[in-house]
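Taking it in order: structure first as structure tokens, then the write-up.
2 protein chains.
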Amino acid sequence: MANSDESATIYQVAQRAGVSIATVSRALRGTGPVAAKTRERVLRAVEELRFTPSRLGVSLASGRHAANGIVFPDLSGPYFAEVLLGYEEVASELGRSVIILSTRGRAAVPDLVRDLSRRVDGMVIFGQTVRDDVVAEIVDSGLPLVMIARDDVAGADVVASENTVSAARLASHLLGHGYRRIALAGGHDNGDITQRWTSVGQVLSEHGLTPPEPSPCEFTVEGGHALGRYLLSGPRPEAIVCADDQVALGVILAAEELGLSVPGDVAVTGWDDIMAARHARPALTTVRQPMRDLGARAARALDELITGARDTPRSQVTPTELVIRASCGTHPLEEA
Amino acid sequence: MANSDESATIYQVAQRAGVSIATVSRALRGTGPVAAKTRERVLRAVEELRFTPSRLGVSLASGRHAANGIVFPDLSGPYFAEVLLGYEEVASELGRSVIILSTRGRAAVPDLVRDLSRRVDGMVIFGQTVRDDVVAEIVDSGLPLVMIARDDVAGADVVASENTVSAARLASHLLGHGYRRIALAGGHDNGDITQRWTSVGQVLSEHGLTPPEPSPCEFTVEGGHALGRYLLSGPRPEAIVCADDQVALGVILAAEELGLSVPGDVAVTGWDDIMAARHARPALTTVRQPMRDLGARAARALDELITGARDTPRSQVTPTELVIRASCGTHPLEEA
DNA sequence: TTGTACGCGTTATCAC
DNA sequence: GTGATAACGCGTACAA
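One line per chain: the protein sequences are A and B, in this order.
Here the first sequence is numbered in UniProt numbering, starting from 1 and rising by one per residue.
Here the second sequence is numbered in UniProt numbering, starting from 1 and rising by one per residue.
What follows is the structure, encoded as structure tokens:
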């Protein structure tokens, strides 16, 4: 109805209420004494004009954007979506908007990240989505920064899930099943995945086995499906340890298509414990990673950095949990 | 290294280059004549000071945020994530940042949406995530608005997928299989889903059948799983038409747990054609919805509204496609 | 208790 | 070709 198109400014409110803008500001923000009568007049004017302070004005004056950024590769699959959700939830509770940037391997990422950094009070970056020199640039600029799922970065907070211990447990468990020919599905990423492969490799070495070279694939169901068909067509491994649950689901699919039974002919394990892992058939042995919590922690850590509640970077590793289900074998024999 | 913490302003650049801020602005934006020598000095100063124009300053002066908002319920499941991805991709190509707001049924949504509306040049809202009066408020404020998956809204663009025709095709196909006792999994939502149920009901009516009442459930695998167990425990339907693929996957899971064969004992269909639909066993009969494209269209429509390339709202419906796979029955008999 | 005036960092319109 | 200077919308010392 009253489509004013250009929304009211604090000056119009002041004029209508017959006061100065300073009084309007005080009345609205409770940042100083205002006579009851005056406040009432102001509030009425605000109401009538449907006044809301301009974000730009507020930000310019306060020096704060009240917005955070988050950089991730994509949203295919539950992992990034869940983390993002946990992040948004907390950020929004803390009164901060969330600006997203999906890299998808684009060439312009550095510029996009710089751009983003100019419109937020701090940002979160998933490991391996942004070049190290650009990350360093952000740190150097003094912008509060939290990295997710990455090894330590000088000057930035890190929030990560525990990988080494769980990967070792997983490897030990598979050895306990008697498997010796173990394949790794999903290539190195210099982050989470690499930590897992290193840990698995170490355990195998300790048992006199040659650590297998991970086979690269896209971290999607389709990627796992394609790689699974390949791995299961040659000399068949006894177990396939997958980089994440999606890859594992794809591998299981490939096995079924090839007429192989899981875990009868080949054991398969995942990582993350996405919802489908429990519902898959066979149910997926995996490592539970608190995805939402990861995002929530990142948001809180970033808030501390922004508000200055803390000024020294901190690195926190959240525990993960080996979840034994059916896909890794029918005789679970857990060892010390 | 040169951690200046507070980044340089245009005044500092001007001073260092020995010119006025107007010249710096012109040199940087090419919005007026600048002597070659002068430009060079300016650019060197910019380089040395690592100057980037403040977003707030630019926005305040230009009157544009160069940012769009998007409001969705959550990111569980591929549907919203895919649409969001398509949206972000185009928005970012158009030089606009994306600010997200996940409602998750929070009570504070109206305020959060108002807040969001103050920091963007336009926004996209998924149908049924924001109260109608709040939507009207946004429209009334003159902010460019695009609604996704919703029936028409006065004053706003709408981008939706075709539901009625495909739902009718799906229903006819199931009737062609000979099914008469058909259940609907997933309650009304006053949007997409309701359109589908209405259309299915109509086809059944035309064939002398009583349109079934849809059974509500969460639109997740778990929701479908729970509802599936319920529906398949009582008098068993011959076919279960699900609100989306996730629900369908859950229902299939429930059937397997109950020792029922799909489609032998009960046919199941989904909607969306998410990646898992093709990989499911049995492969899911569903309706393919161009999710990324939906987001991309929304971003482009919003851009038209913002730039003023178009000033009258438009409603576009993108076609969908019935995808017959194994889950609906073994003897596909497509009819006219 | 209230009002004036300045600062925040740009862009753009004028004169020169 | 260049430089003052007025917006843009707000918060807030400081003065009254």
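Ideal Cβ positions, reconstructed from N, Cα and C, are used throughout, including at glycine.
Within chain A, the C-beta atoms nearer than 9 Å to that of A276 (chain B) come from V221, L249 and A276, in chain order. Counting only residues of its own chain and dropping the five nearest sequence neighbours on each side, R314 (chain B) has a CB closer than 6 Å to the CB of D157.
The C-beta distance from S161 (chain B) to I138 (chain B) rounds to 23 Å, too long to meet the 8 Å contact threshold.
For the options B:M147, B:V120 and B:R119, the alpha carbon positioned closest to that of R131 (chain B) is the one of B:M147. Within chain A, I99 and I100 have C-beta atoms less than 7 Å from the C-beta of V98 (chain B), given in sequence order. For L302 (chain B), the closest Cβ of chain A is not nearer than 9 Å. With a threshold of 9 Å between beta carbons, D245 (chain A) makes no contact with chain B. For L184 (chain B), the secondary structure class from DSSP, reduced to helix, strand or coil, is strand. For D192 (chain B), the CB contacts under 6 Å within the same chain, skipping 5 residues up- and downstream, are A149 and N163 in chain order. G122 (chain B) is bridged by DSSP to B:N68. For the C-beta of R29 (chain A), not a single chain B residue is nearer than 8 Å; the gap to the nearest is close to 15 Å. In the three-state reduction of the DSSP assignment, E321 (chain A) falls in the strand class, which pools E and B. By the criterion of at least three beta-carbon pairs nearer than 8 Å, the stretch 59-75 of chain B is in contact with the stretch 111-127 of chain B.
P78 (chain B) counts as buried, since at least 16 other C-beta atoms from the protein chains shown sit within 10 angstroms of its C-beta. For A160 (chain A), the pairing in a beta bridge is given by DSSP as A:V317.
With fewer than 16 other CB atoms across the displayed protein chains lying within 10 angstroms of its CB, T330 (chain B) is exposed.
The beta-carbon distance between L284 (chain B) and G264 (chain B), rounded to whole angstroms, is 15 Å. This is too long to meet the 8 Å contact definition. DSSP places L145 (chain A) outside any alpha helix (DSSP H); the residue lies instead in the beta strand (DSSP E), whose first and last residues are L145 to I148. With a cutoff of 9 Å on beta-carbon distance, V90 (chain B) and R300 (chain B) are scored as near each other. By the C-beta criterion, the stretch 170-184 of chain B is judged to be in contact with the stretch 197-207 of chain B, since at least 3 inter-stretch pairs fall below 8 Å. Taking 3 residues as the minimum length, the stretch 212-236 of chain A contains no beta strand (DSSP E) run wholly inside it.
Look at the stretch 68-86 of chain A: the residues with a C-beta under 8 Å from a C-beta of chain B are D74, L75, S76, P78, A81, E82, L84 and L85. Excluding sequence positions up to five before and after V153 (chain B), its CB lies within less than 6 Å of the CB of M147, all in the same chain and listed in chain order. Residue pairing of A267 (chain B) in beta bridges, as defined by DSSP: B:A239.
Using a CB distance cut-off of 9 Å, G57 (chain B) counts as an interface residue toward chain A. Contacts with chain A (Cβ-Cβ distance below 9 Å) from the stretch 284-303 of chain B involve no residue at all.
In terms of Cβ geometry, Y87 (chain A) and A226 (chain A) do not form a close pair [threshold 9 Å]. In the DSSP assignment, S92 (chain A) falls outside any beta strand (DSSP E) and within the unbroken alpha helix (DSSP H) covering P78 to E93. Under the DSSP assignment, S97 (chain A) falls in the beta strand (DSSP E) whose first and last residues are S97 to S102. Cβ-Cβ separation between V241 (chain B) and G224 (chain B): approximately 12 Å, too far for a contact (criterion under 8 Å). In the three-state scheme derived from DSSP, where H, G and I count as helix and E and B as strand, V13 (chain B) is classed as helix. Taking CB atoms only, D265 (chain A) has no neighbour in chain B less than 9 Å away. For T286 (chain A), the enclosing beta strand (DSSP E) stretches over residues T286 to R288. When rounded, the separation of the alpha-carbon atoms in V135 (chain A) and I99 (chain A) is 17 Å. Distance from the CA of T210 (chain B) to the CA of L302 (chain B), rounded to the nearest whole angstrom, comes to 42 Å. R16 (chain B) is positioned such that its CB atom lies closer than 9 Å to that of E48 (chain B).
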